[in-house]
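From first to last, the protein sequence lines are chains G, S and Z.
Okay, so the first sequence: first residue is 47 according to our numbering, each after it adds one.
Okay, so the second sequence: first residue is 29 according to our numbering, each after it adds one.
Okay, so the third sequence: first residue is 774 according to our numbering, each after it adds one.
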Amino acid sequence: FRHSSQYRFWSFTPEQLTQKRIQVNAQATSSVGESLRNFISENQANLAEEDIKSIEEKAVPVTMEEEIKLVSIYAKKLQGIAQHLNLPTEVVGTSITFFRRFYLENSVLQMHPKLIVLTTIFLACKSENYFIGIDSFSQKTKRPKDSILKYEFQLLESLRFSLLVHHPFKPLHGFFLDIQAVLHGKVDLKYMGQIYDKCKKTITEALLTDVVYFYTPPQITLAALLLEDEALTTRYLELKFHGNFQAASDSTNQESNEVISKSNLTINFDVLMNLITSCKQQIE
Amino acid sequence: EYTKEKKVGEGTYAVVYLGTKQSTGRSIAVKEIKSSAFKDGLDMSAIREVKYLQEIQHENVIELVDIFLASENLNLVLEFLPSDLEVIIKDKSILFTPADIKSWMLMTLRGVHHCHRNFILHRDLKPNNLLIAPDGQIKVADFGLARTVPSPHEILTSNVVTRWYRAPELLFGAKHYTSAIDVWSVGVIFAELMLRIPYLPGKSDIDQVEVTFRALGTPTDRDWPDVSSFPAYNKLQMYTPPSREELRRRFIAASENALDYLCGMLTMNPQKRWNTVQCLESEYFKEAPSPTEPSKIK
Amino acid sequence: DASKRFTINDALYEDPFIKDLQERKEFIASGFRVDYVYNRVLTEAFM
Chain G
47 FRHSSQYRFW SFTPEQLTQK RIQVNAQATS SVGESLRNFI SENQANLAEE DIKSIEEKAV
107 PVTMEEEIKL VSIYAKKLQG IAQHLNLPTE VVGTSITFFR RFYLENSVLQ MHPKLIVLTT
167 IFLACKSENY FIGIDSFSQK TKRPKDSILK YEFQLLESLR FSLLVHHPFK PLHGFFLDIQ
227 AVLHGKVDLK YMGQIYDKCK KTITEALLTD VVYFYTPPQI TLAALLLEDE ALTTRYLELK
287 FHGNFQAASD STNQESNEVI SKSNLTINFD VLMNLITSCK QQIE
Chain S
29 EYTKEKKVGE GTYAVVYLGT KQSTGRSIAV KEIKSSAFKD GLDMSAIREV KYLQEIQHEN
89 VIELVDIFLA SENLNLVLEF LPSDLEVIIK DKSILFTPAD IKSWMLMTLR GVHHCHRNFI
149 LHRDLKPNNL LIAPDGQIKV ADFGLARTVP SPHEILTSNV VTRWYRAPEL LFGAKHYTSA
209 IDVWSVGVIF AELMLRIPYL PGKSDIDQVE VTFRALGTPT DRDWPDVSSF PAYNKLQMYT
269 PPSREELRRR FIAASENALD YLCGMLTMNP QKRWNTVQCL ESEYFKEAPS PTEPSKIK
Chain Z
774 DASKRFTIND ALYEDPFIKD LQERKEFIAS GFRVDYVYNR VLTEAFM
């Protein structure tokens with residue numbers, strides 16, 4: 047994961063992320079301000095006094111906080127469109143991820159979110175081998191082709207050409223299996239299936255938040271599991287990472303203990319629990 | 029920062045130039061993606077190259093030095109690699125030894141193994157996609173057909189891999205194949221390095237089936253469970269697999285371990301075919317001659 | 774650290790979805806392997 051572009055380009059501390067957004071907003075604000083001044087000076091002659099006054103009163107750039115709200119609203123809309131197009135969960139996830147990353151490099155003042163939503167979904171489909179030709183995509187979304195294609199390069203560049211996204215969905219499948227091994231005989235399969243489905247939904251919602259920049263995909267998965275069933279998840283993590291499993295009493299326990307003892311884990315249980323608990327709180 | 033000094037190639041979706049990275053004087057290759065070539069916007073091959081080369085940093089995989097947009101064209105800056113294995117195989121004036129072949133195989137497998145452990149299928153391994161760096165290192169290149177290992181239910185196209193290097197499951201139209209298809213390609217390349225002529229040169233997709241099974245035997249449900257369930261299986265000519273003796277005669281220079289290694293990679297049943305770890309850990313790489321030091325390969 | 778932080782124990786896994794695929798002819802003939810699927814999702818979980 048540390049070699050991935052997701053870790054190298056798109057992982058931040060909360061402070062770094064805020065700094066980045068302030069910088070993007072400041073840059074856009076100053077360029078908007080400058081183009082406004084140019085507009086007024088170039089059109090001095092045929093602009094009435096009150097026009098200039100209303101421009102100065104109303105054409106006020108949005109703040110960084112307002113940007114975050116606007117991007118979140120459109121990310122939700124994007125999720126709705128992608129789900130309406132019946133795209134697979136991972137493609138929806140990648141669309142959301144691309145869209146939110148775009149607005150870490152661009153301000154809504156430069157590119158209104160509604161202009162980039164479909165391009166983001168279109169590129170995500172291509173990138174995830176779920177190719178939809180532009181003709182049928184433009185037909186399904188009732189938007190002209192070139193309005194979708196014209197921003198593709200800019201989107202790709204803003205993504206810093208990093209298209210491979212690791213989502214918390216595959217780790218969910220992995221933990222679904224490993225929980226069965228570590229808690230062998232102690233978990234009801236049907237119940238696990240319900241947990242699995244609920245976690246998938248929680249994870250898709252989590253992709254709309256900043257946890258994707260602060261935590262790794264498996265940590266987000268464990269936070270989603272913690273949200274769905276705190277007792278089960280804590281039990282699993284204790285057995286897996288705390289090494290305080292009971293003495294082997296019956297055969298199944300013996301097997302599961304083998305599973306645990308063989309995996310020479312170097313993860314500190316307390317650090318991990320604190321980390322996924324804070325991730326859970328942020329998702330909530 | 030980058031110059032484009034000489035045009036060295038042109039494909040359907042890209043033009044390749046030789047150039048220099050100004051700040052370091054390093055020779056580079058610039059792959060300029062034609063933006064107009066693909067009516068659906070950015071070309072899928074370009075997206076794949078960008079997507080996978082961004083994630084892979086390995087001595088035996090071509091390095092993506094940089095990417096930039098210029099006048100509406102996407103430019104991939106790649107490390108400059110002056111030659112490839114196809115040139116070596118074809119140029120009969122170049123003599124090489126079993127130790128050289130072993131070295132090329134080792135480097136190729138390391139590169140392919142690194143892709144597979146990152147769950148990336150290359151899907152177009154062939155001699156001219158195995159480029160050779162000035163220091164002799166082999167570099168796996170051209171990720172225009174690559175993709176991540178699919179989710180279990182996903183359906184994949186079988187129309188991948190250049191015909192002569194295409195695994196039998198692809199010839200049968202398989203939709204749920206695995207990284208085993210890349211290992212088959214490496215096996216055919218190994219055979220070609222030993223023979224110095226193409227090993228399974230089918231003249232068409234149909235002929236490729238014929239050529240493959242005539243050389244290696246037609247698979248049956250016994251050695252490849254459910255192979256007969258492929259729709260294309262019915263009209264097949266039945267050939268018996270070559271005996272060990274026939275293989276020895278075909279690959280005179282090959283040791284017993286080399287033959288085991290070849291047969292491991294060219295195992296018909298993809299479930300049983302060796303994976304890259306089994307290849308790398310095979311006796312072939314442990315026995316003499318040891319692989320030539322890459323920089324010493326003439 | 775290249776060591777994997779898990780061991781594949783498919784005897785302990787109940788995964789009806791994957792088990793079903795494993796029985797289907799087109800999957801078996803294509804080279805589909807359950808251990809490859811488990812290795813993939815467990816690697817992503819423990820990366």
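We put the beta carbon where it would ideally sit given N, CA and C, even for glycine.
On a predicted model such as this, the values are computed, not experimentally measured, just so you know.
Beta-carbon of A802 of chain Z versus every beta-carbon of chain S: anything under 8 Å?
yes
What is the rounded straight-line gap between the Cα of P331 of chain S and the Cα of M296 of chain S?
Since the first residue of chain S shown is 29 and the last is 326, residue 331 of chain S is not available in this structure.
Report yes or no: do three or more beta-carbon pairs, one from the stretch 203–210 of chain G and one from the stretch 59–79 of chain S, lie closer than 8 Å?
yes
Ends of the alpha helix (DSSP H) at F215 of chain G?
215–228
Which class does E107 of chain S belong to by DSSP, given the choice of helix, strand or coil?
strand
In whole angstroms, what separates the C-alpha of I129 of chain S from that of P319 of chain S?
8 Å
Three-state class that DSSP yields for R54 of chain S in the structure shown:
strand
At a cut of 8 Å, does the stretch 121–136 of chain S reach the stretch 243–253 of chain G through at least three beta carbon pairs?
no
What residue does the alpha helix (DSSP H) around T279 of chain G start on, and which one ends it?
276–283
One or two residues paired with R175 of chain S in a DSSP bridge
S:L149
Three-way DSSP call (helix, strand, coil) for Y242 of chain G in this model
helix
Does the CB of E796 of chain Z have a neighbour CB from chain S at under 8 Å?
no
Does the Cβ of R277 of chain S have 16 or more other Cβ atoms within 10 Å, making it buried, or fewer, making it exposed?
exposed
For I180 of chain G, which residues of its own chain have a beta-carbon under 8 Å away from its beta-carbon, when the five flanking residues on both sides are left out?
F168, K191, I194, L195
Am I right that L815 of chain Z and G220 of chain G are in contact with their C-beta atoms under 8 Å? What's the rounded C-beta distance?
4 Å
Thinking C-beta only, is F144 of chain G closer than 8 Å to T166 of chain G?
yes
Please name the residue or residues paired with Y261 of chain S in a DSSP beta bridge.
Answer is none; Y261 of chain S lacks a bridge partner.
Which class does T48 of chain S belong to by DSSP, given the choice of helix, strand or coil?
strand
Step through the CB atoms of chain G and report whether any lies within less than 8 Å of the CB of E817 of chain Z.
yes
Between the C-alpha atoms of H130 of chain G and V138 of chain G, what's the straight-line distance to the nearest angstrom?
10 Å
Give me the DSSP bridge partner(s) of K59 of chain S.
S:V44, S:L104
Count the other CB atoms, across all protein chains shown, that sit within 10 Å of the CB of K154 of chain S; report buried if there are 16 or more and exposed otherwise.
buried
Burial state of M266 of chain S, where buried means 16 or more other Cβ atoms lie within 10 Å
exposed
Three-state secondary structure (DSSP) of L164 of chain G
helix
Of the listed residues G:I313, G:A121, G:K104, nearest to H158 of chain G (C-alpha basis)
G:A121
Check Y312 of chain S in the structure and name its three-state DSSP category.
helix
Tell me the residue span of the beta strand (DSSP E) that contains G164 of chain S.
That residue, G164 of chain S, is in no beta strand (DSSP E); it is neither H nor E in DSSP.
Please list the partners that T206 of chain S has in chain Z, where partner means a Cβ-to-Cβ separation under 9 Å.
S803, G804, F805, R806, Y809
Local Cβ density within 10 Å of E136 of chain G, reported as buried at 16 or more and exposed below that:
buried
Contact criterion: CB-CB distance below 8 Å. Does I331 of chain G meet it with respect to chain S?
No statement about residue 331 of chain G is possible, as the shown extent of chain G runs from 47 to 330 and does not include it.
Between the stretch 789–809 of chain Z and the stretch 153–170 of chain S, can you find at least three pairs of beta-carbon atoms closer than 8 Å?
no
Please list the terminal residues of the continuous beta strand (DSSP E) segment that includes K35 of chain S.
34–38
Flag L172 of chain G as yes if its beta-carbon sits less than 8 Å from any beta-carbon of chain S, otherwise no.
A quick correction: the sequence has Lys, not Leu, at residue 172 of chain G. Interface residue, yes.
Whole angstroms is fine: what's the gap from V189 of chain S's alpha carbon to F779 of chain Z's?
33 Å
Would you mind telling me which residues of chain S sit closer than 8 Å to R813 of chain Z, beta carbon to beta carbon, in chain order?
F147, V177
Who are the neighbours of I791 of chain Z on chain S, taking C-beta pairs under 7 Å?
P180
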